[in-house]
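Residue numbers (our numbering): 64 to 747.
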C-alpha cells in the first residue's frame, strides 16, 4: 500500500487558535485529504494526501474561509492583517467625528458608513466559516455591530469595528514576530560557500553544495553545512545551538554545524549533510513537531473554552430577551447583551497556552534544548529527581590513558610498544593509546585480535600484546598493582611481550568540563541528582567525587532492568527526569516522567527521549525554561480569564459597554501574545 504524501503549507491570515481549529476542520473534510493538522503557533498546515491534486481543492476551501494556503517557502512581506480595512474604517470614523463638531446632521451617516465598511470583511469571513463555527469572533462582532446600528448606537458601532480591526492587525504582527523567532535559526546559514576545486576556490550558492565537497570557511564567516574539519584550527561560536556564549576550539576531526560562526582562524570542512538536511533543519522540524502536540494545559483550556462561549451567549440571550420582560428598558438590555456577545469570544484564552509553549520551544532551540512536545516542556517543571547515566552523559565517553605502571622497562619503551600494537586495533582503549602523548609507535606487523583476550602484533620481531589483565596469568606483584588500580576506578590493559608482563596501562573516562557546574545548578534549582551506572562501584565513586556527587547519590553495577526499576520508583515519588545517551538507557528514558538525551548519543536514546540536549550544560537551562514557560502560561490564563470576568461583571452592572468590551478582548489577545514573546529574550 502506497504511503500518504505529506504536504506542508503556510496559512496566511491565521491569527488565532480558534481560526486554526476552523481551518483544520474544513481541510479534514476535503476529498483526498486523509488527515489535516494545522498549527496556530507555526502558521502551517500539514496535509496527508491520498489523491493527487487534492491540494487544489484544499486551497479553494481555505480561500472561501478568508485565508490563503501557500506552499511552504513562499513568503509574503509587508503589513499583515486587515490593515487596509482598518485604515478605511478609521478614516471614516475620524471624518464622522469632525462632522459631529461642524455638521452634526451628517455625523450619524458617517458613523454608519464607517461601521459598515469596517464590518464587511468580518461579515464575509463569518458567513464563509458559519458551518464550521457559528460562534466565531467575526460572527459575534458582526452581530454586535449590526445590533448597535439597529438600536441607534452608530458611534459605538463604528468604534467597535475600528478597534477590532486594529486589534487584528496588532495580533497578526505579534504572531508573525513569534513565528519569525521560532524559525530564525534557518537565517544563520550563509547565502554562499567557498568550495575548493583543483584550480583554487570558487564561490557558489548553498544549493550547489554536495555531500563530500570541501569548503573553506575564513574568519568572520559562518559554516555553510554540517561537516567535519579536515584542515585548519579555529575558534567557533556555537551559541545558537548550545547556548554557550564562549567560542570552542575546533581542529582536524572535529564536527561543526552549519550556521556556526568562525571567529578566529580558518577551516576547511568536508560537507557531510546538505544545508536543507542539516542540524538547523532538524531543530526546526523538532520544534514544528512539538507545536503539533498539545500539552495538558492546552487541552484543559480548550475544554473550558468550548463551554465558556455557549454559557456567555446564553447569558446574553437572557439579558437581552428575558430581563426586559420583568425590568423594562428593552434597548438598554439589548445594548448589554450586545456587549456580552463580544465578551463571549474565548480567543485570548485559547491563545494563552500555545503562544507561551511556542515561545518556550523556540527559546529552548536557541539554548541547546530541543523539546519534542509541549507536554514535555510542561512536565519537566514538576519533577523532583534527575537520574543521570555515566558514560557519555557525565563523561565524554572517550577513555584517556592517564597512567603507565612498568615492570622492568621504561615508560617510554612501554608506550612505544603499546602504540605499535594499537595501530592495528579499533578498540576504544587502543585509540586512547594511539592518541596519548609521548614517543611514536614502533614499526609493527601481523596484527590480529583475539576475542575476549586482546590485540597482538609483531614488534621488533617479537610478539607483543595488549590484553585484559583478568584473562592473563599474573605474577603476584603485577596482580597487586592490578587490584590497587582497579580500586581507584581505572580501566586497565596489560602490555605483554612474549608472554611476559611489561606494563599496566590505566585509562579513565574524562568527566565533562561542564558536569560539576551543571550538577551544582540542578541543586540550586531544588532538584536531587542521582548517578545510575552499570560500571563498578569504585569507578562510579571516583567519577562522582570528581564532579561533586555524594556517595548516597550514586547507584553502581546496575543493569538496564535495574535502571528501569529505580526510575519507576522515583517516578512514583514525585517525578523523575532521566538523562542518558546509550541504547541501554532507552527503556529508562521512555519510562521516566521526562526523558532527556544528549545529542551526541545513540539514535535509540534520542528517539526514546522527550527532550534533546546539545550539551550537558543545557540541562539546567531546560528546567529553568520549563518553569519560566509554565509561569507565563499561568500569567496568560489569569490575564485572559481575569479581563473577561472583569468586563463581564462591569457590563452586567452597566459600567462598561461595547467598545470597552472589544478593547478588552483584543487587548487581552495582544497582551498574552506579547507576554509570551518575553520568553524569547529570557535568560536561562
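Note that CB positions come from ideal geometry on N, CA and C, so glycine has one too.
- Ranked by Cα distance from residue 461, the options 160, 201, 572, 528 are led by 572.
- Closest in alpha carbon position to residue 466, among 397, 426, 567, 520, is 567.
- Counting only unbroken stretches of 3 or more residues, the beta strand (DSSP E) elements lying wholly within the stretch 575-624 are 591-595, in sequence order.
- In the DSSP assignment, residue 467 falls within the beta strand (DSSP E) that extends over 458-469.
- In this structure, residue 191 places its C-beta atom within 9 angstroms of the C-beta atom of residue 129.
- Judged by DSSP in its simplified three-state form, residue 85 adopts helix.
- Straight through space, the alpha carbons of residue 421 and residue 88 are spaced by roughly 22 angstroms.
- Under the 10 Å beta carbon count, residue 453 is surrounded by 16 or more other beta carbons and is classified as buried.
- Your pair residue 293 and residue 277 checks out as a contact, with CB atoms roughly 7 angstroms apart and the cut at 8 angstroms.
- Its chain contains 93 as the residues whose beta carbon lies nearer than 6 angstroms to that of residue 120, once the 5 sequence neighbours on both sides are disregarded; these appear in chain order.
- The count of Cβ pairs closer than 8 angstroms, one atom from the stretch 396-412 and one from the stretch 617-637, stays below three, leaving the stretches out of contact.
- For residue 434, the enclosing beta strand (DSSP E) begins and ends at 432-434.
- Around the beta-carbon of residue 562, fewer than 16 other beta-carbon atoms lie within 10 Å, marking it exposed.
- Its Cα nearest to that of residue 69, the residue 109 stands out among 377, 327, 109, 102.
- Going by C-alpha positions, residue 84 is about 9 angstroms away from residue 102.
- The Cβ atoms of residue 459 and residue 575 lie closer than 9 angstroms to each other.
- Contact fails between the stretch 590-604 and the stretch 476-495, because fewer than three Cβ pairs, one in each stretch, are under 8 angstroms apart.
- The continuous beta strand (DSSP E) containing residue 450 extends over residues 448-451.
- Counted as a single uninterrupted DSSP element, the alpha helix (DSSP H) harbouring residue 118 occupies residues 117-127.
- Collapsing the DSSP output to three states places residue 656 in coil.
- CA-CA distance, residue 520 to residue 471, rounds to 21 angstroms.
- Pairing residue 188 with residue 735, the inter-Cα distance amounts to about 24 angstroms.
- With fewer than 16 other CB atoms across the displayed protein chains lying within 10 angstroms of its CB, residue 270 is exposed.
- Proximity to residue 721 across 226, 163, 491 peaks at 226, based on C-alpha coordinates.
- Residue pairing from DSSP places residue 75 in a beta bridge opposite 131.
- With a cutoff of 9 angstroms on beta-carbon distance, residue 557 and residue 539 are scored as not near each other.
- Between the stretch 669-688 and the stretch 426-433 there are three or more C-beta pairs closer than 8 angstroms, enough to call the two in contact.
- With fewer than 16 other Cβ atoms inside 10 Å of its own Cβ, residue 312 counts as exposed.
- Comparing alpha carbon positions, the residue from 215, 228, 258, 166 closest to residue 183 is 228.
- Under the 10 Å beta carbon count, residue 617 is surrounded by 16 or more other beta carbons and is classified as buried.
- Taking 9 angstroms as the cut-off, the beta carbon of residue 464 is found closer than this to the beta carbon of residue 495.
- For residue 405, the secondary structure class from DSSP, reduced to helix, strand or coil, is helix.
- A distance below 7 angstroms between beta-carbons, with the five flanking residues on each side excluded, links residue 315 to the following residues of its chain, in chain order: 292, 293, 294.
- Excluding the 5 residues flanking it on each side, residue 383 has same chain C-beta neighbours closer than 6 angstroms at 396, 397, 400, in chain order.
- Unbroken alpha helix (DSSP H) stretches of 4 residues or longer found wholly inside the stretch 665-704: 666-671, given in chain order.
- Of all C-beta pairs linking the stretch 202-209 to the stretch 157-168, fewer than three are shorter than 8 angstroms, placing the two stretches out of contact.
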